[in-house]
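**Q** Starting off with a structure, shown below.
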Amino acid sequence: MEKKEISFRINGEEVVLHVSPNRTLLEMIREDLKLTGTKEGCGIGDCGACTVLLDGVPVNSCLVLAVEADKKEILTIEGLKENDKLHPVQESFIENTALQCGFCTPGMIMSSYALLKRNKAPNEEEIREAIAGNLCRCTGYVKIIEAVKRASSSIGGK
Amino acid sequence: MEEIFIGDFEFLGKGIPRVDAKDKVTGQAKYAADIEIPGMLWCKILRSPLPHAKILNIDITRAKRVIGVKAIITGKDFQGFRWGWMPATRDEPPLADDKVRYYGEGVAAVAAVDEDTAEEALELIKVDYEELPGVFDPEEALKEGAPVIHEYRPNNISWEFHMDFGDVEKGFSEADLVREDRFATGRVIQGFLEPCSAIAYWEGGGVTIWAAKQSPYFLYRHIAQCFKLPLNKVRVIQPFVGGGFGGTKNDSVAGDFCVVMLSKITGRPVKFIYTMEEVMISARRRHNAIIYNKMGMKKDGTITAMQSKLIADGGAYTAIGPLTMYLTGCISTLPYKLPNFKHDAYRVFTNNPVSAAMRGHGVTHTRFAAEIQMEMMAEELGLDPIEVRLKNAIEAPHETVNKVTVLSCGLKEGLLKLKESNLWKERGKEKRKNHILIGVGVSGTAYLGGARQRGHQAAAAVLRLCEDGSIEYLTGATDAGQGSDTVLLQIIAEELGVPPEQIDIQRVDSAYTPVDPGTYGSRVTALAGEAAMKAARDLKRQLAEIAAKEWNVKPEDIVFKNGKVFVKDNEEKGLPFRKMAQIACYSGSGRVLVGRGHSEYGIEPLDFEKGIGNAGTSYSFTSQLTRVEVDAETGFVKCTDMIIAHDCGKPLNPAIVESQNQGAAVQGLGQAIYEEFKMDKGKTLNPNFADYKIPTALDVPNIGVIHILTEDPNVPYGAKEASEGAIVSSPPSVVSAIHDATGIWFKELPVTPEKIALALREKGRGS
Numbered sequence: 036m037e038k039k040e041i042s043f044r045i046n047g048e049e050v051v052l053h054v055s056p057n058r059t060l061l062e063m064i065r066e067d068l069k070l071t072g073t074k075e076g077c078g079i080g081d082c083g084a085c086t087v088l089l090d091g092v093p094v095n096s097c098l099v100l101a102v103e104a105d106k107k108e109i110l111t112i113e114g115l116k117e118n119d120k121l122h123p124v125q126e127s128f129i130e131n132t133a134l135q136c137g138f139c140t141p142g143m144i145m146s147s148y149a150l151l152k153r154n155k156a157p158n159e160e161e162i163r164e165a166i167a168g169n170l171c172r173c174t175g176y177v178k179i180i181e182a183v184k185r186a187s188s189s190i191g192g193k
Numbered sequence: 012m013e014e015i016f017i018g019d020f021e022f023l024g025k026g027i028p029r030v031d032a033k034d035k036v037t038g039q040a041k042y043a044a045d046i047e048i049p050g051m052l053w054c055k056i057l058r059s060p061l062p063h064a065k066i067l068n069i070d071i072t073r074a075k076r077v078i079g080v081k082a083i084i085t086g087k088d089f090q091g092f093r094w095g096w097m098p099a100t101r102d103e104p105p106l107a108d109d110k111v112r113y114y115g116e117g118v119a120a121v122a123a124v125d126e127d128t129a130e131e132a133l134e135l136i137k138v139d140y141e142e143l144p145g146v147f148d149p150e151e152a153l154k155e156g157a158p159v160i161h162e163y164r165p166n167n168i169s170w171e172f173h174m175d176f177g178d179v180e181k182g183f184s185e186a187d188l189v190r191e192d193r194f195a196t197g198r199v200i201q202g203f204l205e206p207c208s209a210i211a212y213w214e215g216g217g218v219t220i221w222a223a224k225q226s227p228y229f230l231y232r233h234i235a236q237c238f239k240l241p242l243n244k245v246r247v248i249q250p251f252v253g254g255g256f257g258g259t260k261n262d263s264v265a266g267d268f269c270v271v272m273l274s275k276i277t278g279r280p281v282k283f284i285y286t287m288e289e290v291m292i293s294a295r296r297r298h299n300a301i302i303y304n305k306m307g308m309k310k311d312g313t314i315t316a317m318q319s320k321l322i323a324d325g326g327a328y329t330a331i332g333p334l335t336m337y338l339t340g341c342i343s344t345l346p347y348k349l350p351n352f353k354h355d356a357y358r359v360f361t362n363n364p365v366s367a368a369m370r371g372h373g374v375t376h377t378r379f380a381a382e383i384q385m386e387m388m389a390e391e392l393g394l395d396p397i398e399v400r401l402k403n404a405i406e407a408p409h410e411t412v413n414k415v416t417v418l419s420c421g422l423k424e425g426l427l428k429l430k431e432s433n434l435w436k437e438r439g440k441e442k443r444k445n446h447i448l449i450g451v452g453v454s455g456t457a458y459l460g461g462a463r464q465r466g467h468q469a470a471a472a473v474l475r476l477c478e479d480g481s482i483e484y485l486t487g488a489t490d491a492g493q494g495s496d497t498v499l500l501q502i503i504a505e506e507l508g509v510p511p512e513q514i515d516i517q518r519v520d521s522a523y524t525p526v527d528p529g530t531y532g533s534r535v536t537a538l539a540g541e542a543a544m545k546a547a548r549d550l551k552r553q554l555a556e557i558a559a560k561e562w563n564v565k566p567e568d569i570v571f572k573n574g575k576v577f578v579k580d581n582e583e584k585g586l587p588f589r590k591m592a593q594i595a596c597y598s599g600s601g602r603v604l605v606g607r608g609h610s611e612y613g614i615e616p617l618d619f620e621k622g623i624g625n626a627g628t629s630y631s632f633t634s635q636l637t638r639v640e641v642d643a644e645t646g647f648v649k650c651t652d653m654i655i656a657h658d659c660g661k662p663l664n665p666a667i668v669e670s671q672n673q674g675a676a677v678q679g680l681g682q683a684i685y686e687e688f689k690m691d692k693g694k695t696l697n698p699n700f701a702d703y704k705i706p707t708a709l710d711v712p713n714i715g716v717i718h719i720l721t722e723d724p725n726v727p728y729g730a731k732e733a734s735e736g737a738i739v740s741s742p743p744s745v746v747s748a749i750h751d752a753t754g755i756w757f758k759e760l761p762v763t764p765e766k767i768a769l770a771l772r773e774k775g776r777g778s
């Protein structure tokens, strides 16, 4: 299959890449760009472990073709830190023990980050809704929901 | 930071952040699938499209011609090697050689330059099968004339286990009420999100393998046996693990053996990552079981006897199944006084995927049956569900009829706390809101910690002191996500009086770390914790001797606290730990300060045949309340609240203990009302998370955890197990709540909306 040239920004960096039309955004991120923080759980859009932001919107990167990222902005878990400072959502996940095995964590954090970007003060139902597509088998979600609430407070939500 | 006072400690009892948290929230934590080595090939496995068939021929000639294919192997390449948990039941080949015994069993494997090429080659491998009649129901498989799955077990009984204590017939004759019921537990899977994966590289006459395992040393032994290698030629390195929950990641999978073989043949590193569909059709599941339970009770609620017969679907191979059978019976004598108990467990071969361990291993089946039946009988006798439990609950110290010894027990205290809760007090006040039926249920259960397995039970620790006071900690224990790395560091930090950040835990590398069977049976904190504590004390002893000499005092008068080493009652006479380390390391030319420790528990014999003795070093007790809202029209259950009163002895990290309980309770909720594989003649019809529904953030209740503190002398700092208790307590508590809402007892898991709606209709109570 003939490769197509695409250009995009990922975690603030400009990238030009030749990708096969059938390559998924997830494959491109993990295998071409070696950003392995984004995880592949199911590969068919059921689990949310591969969640990244595409132009600010959380997507299952396993269901998006790499070519669709052309001229767009991608944010992955590796791009959340500013300089050496963790984002408040990351800090809150650490402080509130909102993770165990950590495999869902990057996707979970990206969905939570996207929620707080569009809604600084979400209520509990909105938090649950926002992460409903991110499965976690370890924590039972209770501490994750708490961590998002507290992150919301720390960024001045309420 | 959450704190619970469990003694005069600086770091224990504190919910300090997990030591792996930063790597995990930044995406830096590397899992098996994240590892790449230059020159790496991809392995893909061809799987059987039939549940039971003879393999007549495998033709790989066309597949071999595909450009980019470097090697193809079939079952015969493993020369008859079989693996399994016990020598007598090693019946599973890495790839099927004579016949396939379940749908999805591996028959051939390809190594190619990329995944697409490997997949293309799979399609060109031609396997000729002669289909055999299959059997998919364990009770059918027991019948005369049923298809035989393994020649060495002509009656299809993979394993049986029997216990008989006291006199059940006498017990039943003393009872005022005797009930017999049939219960069933569901066909469920662990549901970890990280698919099975490993990368192997054969060089220098040995192999290095990075694998997603919660028990990397099982793989270590399997690979040594399969490839006839001495253990020092097998190096298993443990990356971060994306969840385990027993079974699959305790054991080896076909891909593990295949990548090693393919690397040996090609001389290149070879990697596999299963798709989630492969995991869900071929990985170890929990046994689904039928339990015929008989219980005798006096009018006042006293249980006089219990007899259980369990028939478990073992699937196609034995794996760890004998231990499962043992666990279905050996602690049925907890947490209630039971003077007479008989248990007969049969693990039956079928042409279904292999059943094995899962969190709450074995106990979850029989405890579910016993809990529900006990409450059914209490209801018949007009007794309160909590009162009947309090009536029968054991108190420590206690020895069961099969010589299980309980030295601490917080069950009564837990039940009393639940009884005082608003959730229980509000029970029955509002039974119905329009078409919503409301119910609150309860359960009281026990689980073992510090599992003692047949064969080896090693847990050791090595601490190497660096001259700047930092410490390197080698352990064979694996943190599959439960948080044990953090707790183990808290223990060492506490002993040495230095902050946990000063200690670096090395993930398992079998070339350096001491052998350890890994994460299962809630054993890590109990046993690796004991080893860590002893290693720290050993290091401390060596340092104290040097310090005592410096200050001309006795070694036992040296104190390690707050980052300092000083003479007891004279903090002035002391040095920073860092300085003390430097002096010690320089006190001889090239002096090495190494602390060593190992767990000394588990030496006394355990009667695996009769079910006598302690399967663990201690026992946790969990009582749980669950509130549900049942839609009388659709049968849909919304679980709104849970309270878990959990006696883990002393929570060394309360935040981690809570999180373990919450996660396990939700996994138990899944088993109670959502999760079930749908099967058609051995084929899994829903091998994905869209159709096999695990709880999402929208499904989970508010979950409160009450720590019940008890004193257990058998475990380090009194810490017993957390989480296997809550996966056992959750299903009966949910089913009890559904009964409270609907008035109907459901005896088969999962209790789906369909079952509820139909039962309500039958009862004429549907609206």
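Here the protein sequences line up with chains Z and B, keeping their order. Numbering of the first sequence is given in the numbering used here, commencing with residue 36 and proceeding in unit increments. Numbering of the second sequence is given in the numbering used here, commencing with residue 12 and proceeding in unit increments. All C-beta atoms in this analysis are idealised placements derived from N, C-alpha and C, irrespective of residue type, glycine included. Values in this document were obtained by computation on a predicted structure and should not be read as measured data.
Alpha helix (DSSP H) containing serine 495 of chain B: first to last residue?
**A** Within the second sequence, the letter at position 484 stands for residue 495 of chain B. 495 to 507 is the span of the alpha helix (DSSP H), which, as asked, contains serine 495 of chain B.
**Q** Cβ of valine 177 of chain Z less than 8 angstroms from any chain B Cβ?
**A** The residue you call residue 177 of chain Z lines up with position 142 of the first sequence. Chain B contact via Cβ: present.
**Q** If we define contact as Cβ-Cβ less than 8 angstroms, is proline 28 of chain B a contact residue for chain Z?
**A** Position 17 of the second sequence, counting from 1, holds the residue named residue 28 of chain B. Contact with chain Z is found for proline 28 of chain B, since one of that chain's Cβ atoms lies less than 8 angstroms from the residue's Cβ.
**Q** Show which residues of chain D have a CB atom less than 7 angstroms away from the CB atom of leucine 61 of chain Z.
**A** Checking the listed chains, one finds no chain D in this structure; the protein chains it contains are Z and B.
**Q** Extract the residue ranges of the beta strand (DSSP E) inside the segment 102 to 168 of chain Z, only unbroken runs of 3 or more that lie entirely within it.
**A** Listed in chain order, they are 108 to 110.
**Q** Under 8 angstroms, Cβ to Cβ, is there at least one residue of chain B near cysteine 97 of chain Z?
**A** The residue labelled residue 97 of chain Z in the question sits at position 62 within the first sequence. No, its Cβ sits nowhere closer than 8 angstroms to a Cβ of chain B.
**Q** Could you pull the start and end residues of the alpha helix (DSSP H) that lysine 560 of chain B belongs to?
**A** For the purposes of this step, residue 560 of chain B is taken as the residue at position 549 of the second sequence. Start and end: 540 to 562.
**Q** Note down the Cα distance separating glycine 26 of chain B from alanine 666 of chain B, rounded to an integer number of angstroms.
**A** Translated into positions along the second sequence, residue 26 of chain B becomes position 15. Translated into positions along the second sequence, residue 666 of chain B becomes position 655. Rounded to whole angstroms, glycine 26 of chain B to alanine 666 of chain B spans 5 angstroms at the Cα level.
**Q** Give the interface partners of aspartate 67 of chain Z over in chain B, defined as CB-CB distance under 9 angstroms, in chain order.
**A** Here residue 67 of chain Z corresponds to residue number 32 of the first sequence, with the count starting at 1. Ordered by position in chain B, no residue passes the 9 angstroms Cβ test against aspartate 67 of chain Z, which lies about 12 angstroms from the chain.
**Q** If I follow the unbroken alpha helix (DSSP H) through histidine 298 of chain B, where does it start and stop?
**A** As a position in the second sequence, residue 298 of chain B is number 287, starting the count at 1. No alpha helix (DSSP H) holds histidine 298 of chain B; DSSP gives it neither H nor E.
**Q** Mapping DSSP to helix, strand and coil, what is glutamate 289 of chain B?
**A** Here residue 289 of chain B refers to the residue found at position 278 when the second sequence is read from its first residue. Reduced to three states, the DSSP call for glutamate 289 of chain B is helix.
**Q** Roughly how many angstroms separate the alpha carbons of cysteine 207 of chain B and lysine 41 of chain B, rounded to a whole number?
**A** Along the second sequence, one-based indexing puts residue 207 of chain B at 196. Along the second sequence, one-based indexing puts residue 41 of chain B at 30. Annotation: cysteine 207 of chain B to lysine 41 of chain B spans about 14 angstroms, alpha carbon to alpha carbon.
**Q** Closest to phenylalanine 379 of chain B by CA distance: which of B/Ala457, B/Ile482, B/Gly258 and B/Leu474 is it?
**A** The count along the second sequence starts at 1 and reaches residue 379 of chain B at position 368. The candidate whose alpha carbon is nearest that of phenylalanine 379 of chain B is B/Ala457.
**Q** So what does DSSP say about valine 739 of chain B, is it helix, strand or coil?
**A** Taking the second sequence and counting its residues from 1, one reaches residue 739 of chain B at position 728. Helix at valine 739 of chain B.
**Q** For the beta strand (DSSP E) that methionine 653 of chain B lies in, which residues bound it at each end?
**A** For the purposes of this step, residue 653 of chain B is taken as residue 642 along the second sequence, with counting starting at 1. Segment 648 to 660, the beta strand (DSSP E) holding methionine 653 of chain B.
**Q** What span of residues does the alpha helix (DSSP H) with tyrosine 337 of chain B cover, start to end?
**A** In the second sequence, residue 337 of chain B corresponds to position 326, counting from 1. It spans 332 to 341 - the alpha helix (DSSP H) in which tyrosine 337 of chain B sits, taken as one unbroken run.
**Q** CB valine 509 of chain B to CB phenylalanine 588 of chain B, shorter than 8 angstroms?
**A** Start at 1 with the first residue of the second sequence, and residue 509 of chain B comes out as number 498. Start at 1 with the first residue of the second sequence, and residue 588 of chain B comes out as number 577. Yes. Within cutoff.
**Q** In three-state terms, what does DSSP make of methionine 12 of chain B?
**A** Start at 1 with the first residue of the second sequence, and residue 12 of chain B comes out as number 1. It is coil, neither helix nor strand.
**Q** Taking Cβ-Cβ distances shorter than 7 angstroms, what residues in chain Z pair up with alanine 40 of chain B?
**A** Here residue 40 of chain B refers to the residue found at position 29 when the second sequence is read from its first residue. Per Cβ cutoff of 7 angstroms: Gly137.
**Q** Provide the residue span of the alpha helix (DSSP H) that contains serine 187 of chain Z, from first to last.
**A** Looking up residue 187 of chain Z in the first sequence gives position 152. Where serine 187 of chain Z is concerned, the enclosing alpha helix (DSSP H) stretches over 177 to 189.
**Q** Name the chain B residues that come within less than 9 angstroms of leucine 52 of chain Z, Cβ to Cβ?
**A** Position 17 of the first sequence, counting from 1, holds the residue named residue 52 of chain Z. Within 9 angstroms Cβ-Cβ: nothing; leucine 52 of chain Z doesn't reach chain B, min ~17 angstroms.
**Q** For cysteine 173 of chain Z, return the contacting residues in chain B, with the cut-off set at a CB-CB distance below 7 angstroms.
**A** As a position in the first sequence, residue 173 of chain Z is number 138, starting the count at 1. By Cβ distance, chain B contributes Gly254, Gly492 and Gly674.
**Q** Might you give, ordered along the chain, the residues of its own chain that have their beta carbon closer than 7 angstroms to the beta carbon of glutamate 6 of chain B, omitting 5 neighbours on each side?
**A** Chain B is shown from 12 up to 778; residue 6 of chain B falls before or after that span and cannot be answered.
**Q** Identify which residue in B/Gly480, B/Ala708, B/Trp213 and B/Arg518 has its Cα closest to the Cα of alanine 504 of chain B.
**A** Residue 504 of chain B sits at position 493 when you count from the first residue of the second sequence. Of the listed residues, the one whose Cα sits closest to alanine 504 of chain B is B/Gly480.
**Q** By DSSP, does isoleucine 79 of chain Z sit in helix, in strand, or in coil?
**A** As a first step, residue 79 of chain Z must be located in the first sequence, where it is residue number 44. Coil at isoleucine 79 of chain Z, not helix or strand.
**Q** Would serine 600 of chain B be called buried (16 or more neighbouring beta carbons within 10 Å of its own) or exposed?
**A** Stepping through the second sequence from its first residue, residue 600 of chain B is reached at position 589. Label assigned to serine 600 of chain B: exposed.
**Q** Please tell me whether glycine 202 of chain B has its Cβ less than 8 angstroms away from any Cβ of chain Z.
**A** Here the question's residue 202 of chain B lines up with position 191 in the second sequence. True, the Cβ-Cβ gap to chain Z drops below 8 angstroms.
**Q** Alpha carbon to alpha carbon, what distance is there between leucine 474 of chain B and histidine 2 of chain B?
**A** Because chain B spans 12 through 778 in this model, residue 2 of chain B falls outside it and cannot be assessed.
**Q** Using only the alpha-carbon positions, how far apart do leucine 771 of chain B and arginine 400 of chain B sit?
**A** Sequence index remark: in the second sequence, residue 771 of chain B carries index 760 (1-based). Sequence index remark: in the second sequence, residue 400 of chain B carries index 389 (1-based). Computed Cα separation, rounded: 28 angstroms.
**Q** Please go through the same chain and pick out, in chain order, the residues whose beta-carbon is closer than 8 angstroms to the beta-carbon of arginine 602 of chain B, but skip the five residues on each side of it.
**A** On the second sequence, position 591 is the one that residue 602 of chain B refers to. Contacts found: Ala595 and Cys596.
**Q** Output the boundary residues of the alpha helix (DSSP H) element that contains isoleucine 767 of chain B.
**A** Residue numbering aside, residue 767 of chain B sits at position 756 when the second sequence is read from its first letter. Under the DSSP assignment, isoleucine 767 of chain B falls in the alpha helix (DSSP H) whose first and last residues are 764 to 774.
**Q** Chain Z partners of threonine 707 of chain B, CB-CB under 7 angstroms?
**A** On the second sequence, residue 707 of chain B is found 696 positions in, with the first residue counted as 1. Neighbours of threonine 707 of chain B on chain Z, chain order: Ala167 and Leu170.
**Q** For glutamate 483 of chain B, name the three-state secondary structure that DSSP assigns.
**A** Within the second sequence, numbered from 1, the residue matching residue 483 of chain B stands at position 472. In this structure, glutamate 483 of chain B counts as strand in the three-state DSSP scheme.
**Q** Could you tell me which chain Z residues have their CB closer than 7 angstroms to the CB of lysine 35 of chain B, listed as they occur along the chain?
**A** Residue mapping note: residue 35 of chain B aligns to position 24 of the second sequence, counting from 1. Leu134, Gly137 and Thr140, listed in chain order.
**Q** Report the rounded CA-to-CA distance for asparagine 46 of chain Z versus glycine 114 of chain Z, giving the unit in angstroms.
**A** For the purposes of this step, residue 46 of chain Z is taken as residue 11 along the first sequence, with counting starting at 1. For the purposes of this step, residue 114 of chain Z is taken as residue 79 along the first sequence, with counting starting at 1. Computed Cα separation, rounded: 5 angstroms.
**Q** I'd like to know whether the C-beta atoms of asparagine 865 of chain B and glycine 197 of chain B end up nearer to each other than 8 angstroms.
**A** Limits of chain B in this structure are 12 at one end and 778 at the other, which puts residue 865 of chain B out of reach.
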